[in-house]
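There are 4 protein chains.
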Amino acid sequence: MSKNASLHYINYLQLDKILNAQSPESSSKGNEAHEEMLFIIIHQAYELWFKQIIHELNSIMQYFKQEKIDEENIGLIVGRVERSNKIMGVLVNQIEILETMTSLDFLDFRHYLSPASGFQSHQFRKIELMLGLKIEKRHQFGGCPYHAQFKGEEKNEILNLENTDSLFNLVEKWLERIPFLNMKDFDFTKKYEKVISNMLDQEVSIINSSNLSQENKNLRIHMLEENKKYFQRVLDEKEHNKAIEKGETELSYKATMSALLINLYRDEPILHLPYQLLRNLVDLDHKINSWRFRHVQMVEKMLGQKIGTGGSSGQGYLKETVDKHKVFTDLANIATLMISRSYLPKLPKKVKEKLGFNYKR
Amino acid sequence: MSKNASLHYINYLQLDKILNAQSPESSSKGNEAHEEMLFIIIHQAYELWFKQIIHELNSIMQYFKQEKIDEENIGLIVGRVERSNKIMGVLVNQIEILETMTSLDFLDFRHYLSPASGFQSHQFRKIELMLGLKIEKRHQFGGCPYHAQFKGEEKNEILNLENTDSLFNLVEKWLERIPFLNMKDFDFTKKYEKVISNMLDQEVSIINSSNLSQENKNLRIHMLEENKKYFQRVLDEKEHNKAIEKGETELSYKATMSALLINLYRDEPILHLPYQLLRNLVDLDHKINSWRFRHVQMVEKMLGQKIGTGGSSGQGYLKETVDKHKVFTDLANIATLMISRSYLPKLPKKVKEKLGFNYKR
Amino acid sequence: MSKNASLHYINYLQLDKILNAQSPESSSKGNEAHEEMLFIIIHQAYELWFKQIIHELNSIMQYFKQEKIDEENIGLIVGRVERSNKIMGVLVNQIEILETMTSLDFLDFRHYLSPASGFQSHQFRKIELMLGLKIEKRHQFGGCPYHAQFKGEEKNEILNLENTDSLFNLVEKWLERIPFLNMKDFDFTKKYEKVISNMLDQEVSIINSSNLSQENKNLRIHMLEENKKYFQRVLDEKEHNKAIEKGETELSYKATMSALLINLYRDEPILHLPYQLLRNLVDLDHKINSWRFRHVQMVEKMLGQKIGTGGSSGQGYLKETVDKHKVFTDLANIATLMISRSYLPKLPKKVKEKLGFNYKR
Amino acid sequence: MSKNASLHYINYLQLDKILNAQSPESSSKGNEAHEEMLFIIIHQAYELWFKQIIHELNSIMQYFKQEKIDEENIGLIVGRVERSNKIMGVLVNQIEILETMTSLDFLDFRHYLSPASGFQSHQFRKIELMLGLKIEKRHQFGGCPYHAQFKGEEKNEILNLENTDSLFNLVEKWLERIPFLNMKDFDFTKKYEKVISNMLDQEVSIINSSNLSQENKNLRIHMLEENKKYFQRVLDEKEHNKAIEKGETELSYKATMSALLINLYRDEPILHLPYQLLRNLVDLDHKINSWRFRHVQMVEKMLGQKIGTGGSSGQGYLKETVDKHKVFTDLANIATLMISRSYLPKLPKKVKEKLGFNYKR
């Protein structure tokens, strides 16, 4: 029990601040537009949730910044990414509420807002940066850098985040540190390489012995050859580094191999939570992207092809970000390298034991 | 364009208030519990949305308080109830976020909160009261009335709402005013009464001539007789008033008949939006109730059978409210009186025209 | 009561068919992959719901094919589009279920499926065609037309739909028939044109008299001039027709004007349900598009950059369709033409009466 | 690639069966009711998904039936319960689709259906039984046992499930087998008992030294004493067994203790997936219950207080099942026994190591 015997819900939640922070411009201009309240409140709800996501990301990144993450904390990290995902899920659904405000309703107060704009959400920019969406990956808008919107301490915070490790960087380093790629009796990359080569040969021979038309055979064999090239590029560290230079991929060779190993051997006890983590990170990327996508639809309903408050061409810019503002694509693309369990190299018994629990009954 | 050329998103949304209103007790006690932030933020998000729902209810009730609602505004009212429903839908889903906080997490800071409690949400009580959940309909908790939690202006506001028309009362009056029950050529109640009587007779004769077993026939005929009693009670104004006195129903006889007429003849242009409105009100009740239900589940996960902060027995009380704190049940129960379109009394041509649009091509 | 006294749930639902229609290829090959059942069942669930959407679209189109839609039926049509939207909403959420199947799980049976492919969903193609996604609007995939996948009766059905009115065409014709553009005392287009011109002039003068920097003023005035051009193009029937020829827009001039009028004067009783209808159609488009978008994400997780079953490059094709396979964009873009209520031309009293109900108290 | 080069989507999914299994009774009676199609299709979609849930439950139970569950498979089991939960989540949302069918629509064909009834879903009964809802836990309806609805093989299957281990039983046995309650240096129950006793004493002394009113102090101390009794009952095996006999609880003493240990020490690597599993099982119970709850609301909208097809009093019965048909309540109630991490007995280093991974860097 708290000694603070008088703690009341209203004080604890500081509702005097929260519930007195809505001052519709239309009201102060003496021409109240009923819907402006919704516009304010939904944006405030977004900002509250952004604060929570930043709270989660901060704690997650703190763990990753340690030289070694205590195994006890992996489950906790997984849970916090999952929570962020659930929040993003609610934020996606929340757009439906704003869509009950129509174009006609919005125009009743839109002119009061200019030049305020959703672009100016400092917290959302922070989230993007913390995840790893640094300036060189961003779709440029207008002539000036995205952080021109901010000043003083806020701008410094942004610039500072540009120059420190993002979650992407931290996860990459963690993957590079993982000690399973080359265990005494098991060189994963070599084993994998051999298996891929056998697999593709086998598929070619199945196609050749099938009753497909020659044309169809050629098509399929062509596809396999494309796959082969893809695998070769990935398995050759130099090729991989070239691809990084060209901007085709970003995750380092070693981190990529570790992520692949985790996905392939996810059932080994020590790899299961790391697998859940990688999966949750891809989901987070996808959920944020779904939010951008639904945002575009909402703007289309509200403004059609009109230009946004703050002078943004709204839809056009937003659309570009849907495709481009992704952070964990390389983790999603591990799927390209996955192979069927039937081809999976067996782990030697000793290796298997190492990846299991200490407890013996 | 606004003359206020310097309006910035951050100021417009008063984010200095919104984002500086989180002071975890555990942090101030020097023992930060990571999850307390979530606990604060989700409650604040709830309160923001409650404010929005109150904003909508206020505007809706304003229209209903007019002697005659302008037909132009019915669509608008329908839309605002629908918006409130979408908000409640998001609030239901939002519980999933809080459920990512487990019992173990909650216990890290729960003791700091006592005696603050969700019971103390002034806005939620206002919503209940505005809809029509007056004190005599409430499940009593502990020895003292629910508004003992509040003081000063807040208490006055609650007591004041107890004594003024709720949305339920206003909708009832509006239904009573609707002029369609007895139109020149069409006495709805009589027509409906006759049709019901024929329908039930016909169903009895179908059963008797069927190849069902005698036992089965008896069962079905018994059921029909029960239905008949129900209809008789409803159609007899005195019986209806007795049922009101006994607390079995609440909506007045005349309002009930109007609601039935609207549901049966919803396809007539003048009745379609009123029909949407009645439907949306039932949905609002159901959504609030779903929220209570999910709330019970969340508390079960978090506290099991523990006693709530603020000394509430938590679950037990909440469970009772799920069943009892309903406002628009009588509107839902109109469904009991519905009959198949094939039995529906035809509207005379003149009546039909009256319910249509003015425009003639 | 049914005379068919023996009707049992199992027979009524033909569960012998429904529940005996799952024959995993992996099982028949003696190598059961647990997840193949999910793959089959979710696709079957999709197809069931597609059948329901087709059922709704058929009934809606039937009404629109009548020379005049009875006012009684507009509410019903609105409801059926809304139902289709709720179905699509569930179909979007359903993707989450399939996403619990990972790449590794999928690869256990994927090779058995080739060349079967989701492209071969006949019903989904029908839905697209019924809505209005004719072949010339489609993103081409591979060398051959999309209907090369089908044969016999199924192909005929597709080709037939290519040549008959889609819902888009029918709605366009209905909008053209609507008699409100030029009512005795009210020529909508002229009134609107004048209002726009005044509005833009006024905005220019506000900017010029503001304390903005000259640069900022120039920017804003430039934006207004762009808007002006847009309005001029729209308001000039010849320009509009040129834009149609260039493929920039599709909806006829007259239909566009009617859709604008409905959106601007939606509060007039006779226009409210038509307004709900137009809104629901845009929503349907958006929901289908959200489904495509989430589909791309799911494929990314499952296959990365791998090539799809059936030889499709999967992701790439799907991504293109997200942007291009839209049908009701012109209805969404009406928002570009919307103006604030404060500029809205007042309807003369007689016109207003015509748009209201017949009933006089 | 499959040798079965001609596998087509339509054949693979057996769409000839799936899409030809809808024969509305109203159509065959020459009086088509548009909405009957929806009624059929949504029930079929439910049955498809029930089949999938049964598929998952079967595989999960298979693992639990083994003497020892391979650690590799725990992650997989967790994932399959989670998938079942996502399916149930979609089934809950799906009710919204059926709610677009109103009372008036339903009455157009309801009379054709009698006596078919949702009670007759064989698969749903199977799911309930597989989870552990045996006949003695069920809310009785009418005079006869719930399985009187079934005949022949279907009835046998039900009776057979009544007599074999449910998932509840299997999980209970697994919890009893878990070897962590009494490890060499660590007798969990004793440690926990002592901690509880200290904790309660401490809380009493905090209350006594607080500045609360005497009345308030008494109230709080009374609450703590109630908690104490609860803990004592739980910690005393004999008392626990008495509670089982009285039907107040069901999970065995040993299983309860193991579940508590797992929840308290969930961060230890070997306990994290078991913790996720217990949590997912409670969620499954809650999701099924949410479905029942929404089902009641849907029936209320559709029938009001009418009697259901098949002669069930519909709502009344369904309402009872919402509260009573729960299976994993004892796992949820573990929350009652949870204590703050600050009170948690420290694990000796050797014990901690045992619960960790084998791998040493």
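Going line by line, the protein sequences match chains A, B, C and D. Residue 1 is where the first sequence starts when you use the numbering used here, and the numbers rise one by one after that. Residue 1001 is where the second sequence starts when you use the numbering used here, and the numbers rise one by one after that. Residue 2001 is where the third sequence starts when you use the numbering used here, and the numbers rise one by one after that. Residue 3001 is where the fourth sequence starts when you use the numbering used here, and the numbers rise one by one after that. Just so it is clear, CB atoms sit at the ideal spot from N, CA and C, and this is done for glycine as well. Predicted model only: the values in this text are computed from it and were never measured.
Beta-carbon gap between residue i and residue j smaller than 8 Å
i                : j                : result
N3085 of chain D : L3284 of chain D : yes
L1015 of chain B : H1325 of chain B : no
I18 of chain A   : Q1044 of chain B : yes
I3087 of chain D : Q3052 of chain D : yes
M3302 of chain D : S3103 of chain D : yes
L1281 of chain B : V1081 of chain B : yes
L367 of chain A  : L167 of chain A  : Absent from the model: residue 367 of chain A. The displayed extent of chain A is 1 to 361, so no value can be given.
N3333 of chain D : G1304 of chain B : yes
Element boundaries [alpha helix (DSSP H), containing residue i]
i                : result
V78 of chain A   : 74 to 98
G2152 of chain C : 2152 to 2162
Q1202 of chain B : 1188 to 1208
P3274 of chain D : 3269 to 3303
Y1343 of chain B : It is not in any alpha helix (DSSP H) - Y1343 of chain B carries neither H nor E in the DSSP assignment.
F3106 of chain D : 3103 to 3107
E2225 of chain C : 2214 to 2235
T1249 of chain B : Unbroken run through T1249 of chain B: none, as it is neither H nor E.
N3169 of chain D : 3167 to 3177
Contact belief for residue i with residue j at Cβ below 8 Å, rounded distance in angstroms
i                : j                : result
L3261 of chain D : L3181 of chain D : 6 Å
F2357 of chain C : P1269 of chain B : 7 Å
A3255 of chain D : E3172 of chain D : 5 Å
R233 of chain A  : E226 of chain A  : Going by Cβ atoms, the distance from R233 of chain A to E226 of chain A rounds to 11 Å, so no, they are not a contact pair.
I244 of chain A  : E237 of chain A  : Not really, about 10 Å apart at Cβ, beyond 8 Å.
Y2359 of chain C : K1354 of chain B : 5 Å
I2207 of chain C : K2217 of chain C : 5 Å
L2129 of chain C : L2161 of chain C : 4 Å
S1252 of chain B : Y1112 of chain B : Not confirmed; about 50 Å, so no contact.
M101 of chain A  : L38 of chain A   : 6 Å
Residue nearest to residue i in terms of C-alpha spacing, selected from the options
i                : options                            : result
I1339 of chain B : B:K1228, B:T1321, B:S1027          : B:K1228
L2170 of chain C : C:K2350, C:L2278, C:A2335, C:T2321 : C:L2278
A3148 of chain D : D:K3051, D:H3122, D:R3233, D:K3137 : D:H3122
R3341 of chain D : B:I1087, B:L1200, B:D1105          : B:D1105
L3131 of chain D : D:Y3359, D:E3245, D:I3288          : D:I3288
M1061 of chain B : B:L1048, B:V1078, B:E1047          : B:V1078
V1351 of chain B : B:F1188, B:R1138, B:I1221, B:P1024 : B:F1188
I127 of chain A  : A:Y46, A:K301, A:E99               : A:Y46
G89 of chain A   : C:F2186, C:K2068, C:L2175, C:R2294 : C:R2294
D1267 of chain B : C:H2034, C:E2071, C:Q2066, C:E2056 : C:E2071
L419 of chain A  : C:I2207, C:L2107, C:K2151          : Nothing can be reported for residue 419 of chain A: it is not among the residues displayed for chain A, which extend from 1 to 361.
N2073 of chain C : B:L1235, B:L1159, B:R1177, B:L1271 : B:L1271
L318 of chain A  : A:S28, A:E36, A:R138, A:N156       : A:R138
F1050 of chain B : A:T329, A:I42, A:F50, A:I54        : A:I42
CB contact check: residue i to chain G, cutoff 8 Å
i                : result
H3286 of chain D : This model lacks chain G altogether; the protein chains it does include are A, B, C and D.
Exercise. What are the residues of the stretch 3332 to 3353 of chain D that lie near chain B, defined by any Cβ-Cβ distance shorter than 8 Å?
Worked result: A3332, N3333, I3334, A3335, T3336, L3337, M3338, I3339, S3340, R3341, S3342
Problem set entry | Selection of the stretch 1231 to 1246 of chain B by Cβ proximity to chain D, strictly under 9 Å | Against chain D - using a Cβ distance shorter than 9 Å - the stretch 1231 to 1246 of chain B contributes no residues.
For this session: Check each residue of the stretch 70 to 90 of chain A: if its Cβ is closer than 7 Å to any Cβ of chain D, include it; give the result in chain order.
Result: E71, E72, G75, L76
Exercise. At a Cβ cut of 7 Å, what residues of the stretch 2093 to 2105 of chain C count as close to chain B, listed as they run along the chain?
Worked result: none
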